[in-house]
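Report on the structure given below.
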Amino acid sequence: MNAFTYKNNELFADDVSVKKLAKEYGTPLYIYSRTHMRDQYAKLVEAMAEVDPLICFSVKANSNLAVIKTFVDLGGGLDIVSGGELFRALRAGADPSKIVYAGVGKTVEEIEYALKENILFFTVESEGEARRISECAVRLGTTGRIAFRVNPDVDPKTHKYISTGKKENKFGLDIARATQAYADAANMPNIEISGMHLHIGSQILSSAPFGEALERVRDLCMDLKGKHESFKYLDIGGGIGIKYEPEHEALAPEAYAATVVPLLKELGLKVVLEPGRSMVGNAGVLVSEVQYVKDNPFKKFVVIDAGMNDLVRPALYQAYHEIIAVDESVTEKVFGDLVGPICESGDFLAANRELPAVKPGELVAALSSGAYGYTMASTYNSRPRPAEIMVDGDKAFVISKRETLQDIIKNEISLEEVI
Ligand code: LLP
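The sequence shown runs 2 to 420 under my numbering.
In structure tokens:
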């Protein structure tokens with residue numbers, strides 16, 4: 002299902018006019034379809050039904066409380082990566098027994114917070130982290146449940162910044178080292194070995210690397226299952242790729258399931274998934290207003306009111322976001338760059354591309370912006386972050402207000418006050 006379609010020549014989010022929302026709430030504006038999120042979740046549940054996984058939405062993809070709550074209400078768990086995300090998860094009403102906590106740099110404070118909340122398990126990235134969890138658990142008189150993150154050294158064939166399961170990446174432990182780490186952790190006080198974690202990267206468009214990763218860890222899993230009664234979970238992370246470019250195809254949940262389910266069934270462990278992008282990426286657009294159209298002898302620039310501070314993916318990963326006019330009757334095309342107001346040459350949402358020939362005052366939408374869009378936004382150049390709207394059928398809700406200029410300086414202390 003495509004949540005963003007033209008009706009009577011106008012772009013709609015579900016049954017709500019994008020132009021109307023832009024008029025009411027201003028631009029730049031993030032708009033999400035709740036229907037699309039629910040559909041994506043349901044499709045994954047259905048495809049993976051044979052192993053009945055715990056689907057832990059990866060909060061980093063879109064951490065708005067209303068988005069988190071959408072998945073919590075569907076019975077999902079959450080994958081978090083910081084104390085901040087744990088705070089959000091709890092605020093959104095998540096059940097701590099369905100929260101898994103990843104990340105290479107967990108602090109004592111963060112570990113203690115998660116232990117006190119009694120989360121399902123920590124996915125552990127190093128021997129040092131296991132020791133730290135053990136020490137914290139002893140201090141608090143509780144148990145730290147852990148799943149080491151194993152780095153299976155497979156190439157997910159995605160952008161190098163979002164590939165995480167190769168030996169040169171900072172994530173996890175290789176198989177030999179993980180084997181030893183499990184043996185050592187089993188003797189640490191107040192530690193329970195709950196399972197194993199894998200996450201090989203993001204925006205993966207073929208199911209093959211997932212299968213390869215599972216095959217590589219199969220023997221170790223079977224061995225650990227035999228050794229530890231508490232070894233019950235296999236968390237295979239996220240990474241399912243979505244469609245960004247019109248000519249690409251998303252990795253369908255059925256194709257993903259066809260590869261991983263047989264291997265998972267054989268292992269007989271409780272399966273945990275951590276999808277982020279595939280749940281919310283195509284549920285969101287970033288809408289902006291054209292300010293100027295500018296030419297130089299070499300190029301045409303369409304200058305909009307959204308910048309790299311609002312959506313950094315094109316600048317950071319040369320990521321492709323499809324750009325469409327909100328008014329479908331704009332059929333003419335121009336070749337050039339779609340740029341923002343930030344003082345950086347890297348500030349573009351599209352570079353050297355065919356773009357709709359929009360004029361100042363007209364609206365454009367950057368598609369597939371629901372994942373790693375707002376969560377990676379900043380106030381660079383002192384630009385307040387956009388508002389976020391959630392649409393559900395014919396209803397629209399503001400789920401975060403546009404930041405104000407006051408908001409962006411609220412933690413600052415003027416020199417007169419301190420000297
Ligand atoms: N689990 C772990 C441990 C992760 O590190 C990630 C993403 C996920 C799950 C969710 O992966 P997904 O299903 O979304 O692929 N900012 C980048 C993506 C970074 C992904 C980081 N980890 C981007 O905009 O493409």
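All C-beta atoms, glycine included, are put in the ideal place defined by N, C-alpha and C.
Drop a sphere of 10 angstroms on the beta-carbon of residue i, count the other beta-carbons inside from all chains shown, and report buried for 16 or more, exposed for fewer.
{"i": "Val60", "result": "buried"}
{"i": "Ser135", "result": "buried"}
{"i": "Gly76", "result": "exposed"}
{"i": "Phe172", "result": "buried"}
{"i": "Phe88", "result": "exposed"}
{"i": "Gln41", "result": "buried"}
{"i": "Ala351", "result": "buried"}
{"i": "Lys107", "result": "buried"}
{"i": "Pro247", "result": "exposed"}
{"i": "Gly63", "result": "Looking at the sequence provided, one finds Asn at residue 63 rather than Gly. Burial call: buried."}
{"i": "Arg1", "result": "In this structure the chain extends from 2 to 420, so residue 1 is not present and cannot be described."}
{"i": "Asn65", "result": "buried"}
{"i": "Ile410", "result": "exposed"}
{"i": "His200", "result": "buried"}
{"i": "Glu47", "result": "exposed"}
{"i": "His322", "result": "buried"}
{"i": "Leu416", "result": "exposed"}
{"i": "Val105", "result": "exposed"}
{"i": "Asn297", "result": "exposed"}
Suppose you measure from the CA of residue i to the CA of residue j; what does that come to, to the nearest Å?
{"i": "Ala284", "j": "Ser98", "result": "27 Å"}
{"i": "Ile69", "j": "Arg386", "result": "19 Å"}
{"i": "Ile194", "j": "Ile147", "result": "5 Å"}
{"i": "Glu290", "j": "Thr28", "result": "6 Å"}
{"i": "Glu345", "j": "Arg132", "result": "44 Å"}
{"i": "Asp15", "j": "Tyr33", "result": "9 Å"}
{"i": "Lys226", "j": "Lys402", "result": "48 Å"}
{"i": "Ala259", "j": "Leu215", "result": "13 Å"}
{"i": "Ala316", "j": "Met309", "result": "7 Å"}
{"i": "Val419", "j": "Glu413", "result": "11 Å"}
{"i": "Gly383", "j": "Pro342", "result": "Here residue 383 turns out to be Ser, not Gly, going by the sequence shown. Whole-angstrom Cα-Cα distance: 11 Å."}
{"i": "Val273", "j": "Ala23", "result": "38 Å"}
{"i": "Ile305", "j": "Tyr293", "result": "7 Å"}
{"i": "Ile192", "j": "Tyr183", "result": "11 Å"}
{"i": "Asp154", "j": "Phe123", "result": "21 Å"}
{"i": "Asn170", "j": "Glu329", "result": "44 Å"}
{"i": "Val331", "j": "Gly362", "result": "13 Å"}
Over the uninterrupted alpha helix (DSSP H) stretch that includes residue i, give me the two end residues.
{"i": "Gly129", "result": "Glu128 to Leu141"}
{"i": "Thr36", "result": "Arg35 to Ala48"}
{"i": "Leu270", "result": "No alpha helix (DSSP H) contains Leu270, which DSSP labels as neither H nor E."}
{"i": "Phe123", "result": "Where Phe123 is concerned, there is no enclosing alpha helix (DSSP H), although the beta strand (DSSP E) it sits in stretches over Phe122 to Val125."}
{"i": "Tyr318", "result": "Arg314 to Tyr318"}
How about residue i: is its Cβ closer than 6 Å to a heavy atom in the ligand LLP?
{"i": "Asp156", "result": "no"}
{"i": "Tyr373", "result": "yes"}
{"i": "Arg89", "result": "no"}
{"i": "Met86", "result": "One detail in the question is off: residue 86 reads as Glu in this sequence, not Met. Outside the cutoff, so no."}
{"i": "Asp311", "result": "no"}
{"i": "Pro276", "result": "yes"}
{"i": "Ala95", "result": "no"}
{"i": "Ser127", "result": "no"}
{"i": "His322", "result": "no"}
{"i": "Gly347", "result": "no"}
{"i": "Asp224", "result": "no"}
{"i": "His229", "result": "no"}
{"i": "Ser208", "result": "no"}
{"i": "Ser67", "result": "Correcting the residue type first, residue 67 is Ala in the shown sequence and not Ser. No, the ligand LLP has no heavy atom inside 6 Å of this Cβ."}
{"i": "Gly240", "result": "yes"}
{"i": "Ser369", "result": "no"}
{"i": "Arg132", "result": "no"}
{"i": "Ser195", "result": "no"}
Residue i and residue j: beta carbons closer than 7 Å?
{"i": "Thr6", "j": "Met38", "result": "no"}
{"i": "Lys8", "j": "Pro254", "result": "no"}
{"i": "Ile205", "j": "Gly242", "result": "yes"}
{"i": "Tyr234", "j": "Lys271", "result": "yes"}
{"i": "Gly337", "j": "Lys301", "result": "yes"}
{"i": "Tyr31", "j": "Leu406", "result": "no"}
{"i": "Ile324", "j": "Leu312", "result": "no"}
{"i": "Arg150", "j": "Glu126", "result": "yes"}
{"i": "Glu11", "j": "Ser18", "result": "yes"}
{"i": "Val303", "j": "Leu356", "result": "yes"}
{"i": "Gly239", "j": "Glu275", "result": "yes"}
{"i": "Ile100", "j": "Ala90", "result": "yes"}
{"i": "Ala358", "j": "Val335", "result": "yes"}
Would you kindly report the start and end of the unbroken beta strand (DSSP E) that includes residue i?
{"i": "Ser401", "result": "Lys396 to Ser401"}
{"i": "Leu79", "result": "Gly78 to Ile81"}
{"i": "Gly337", "result": "Lys334 to Val340"}
{"i": "Val288", "result": "Gly285 to Asp296"}
{"i": "Cys344", "result": "Segment: none, Cys344 is in no beta strand (DSSP E) and carries neither H nor E."}
{"i": "Pro357", "result": "Phe349 to Pro357"}
Please determine whether the Cβ atom of residue i lies at a distance below 6 Å from any heavy atom of the ligand ADP.
{"i": "His249", "result": "Although the ligand ADP was asked about, the structure shown includes only the ligand LLP as ligands."}
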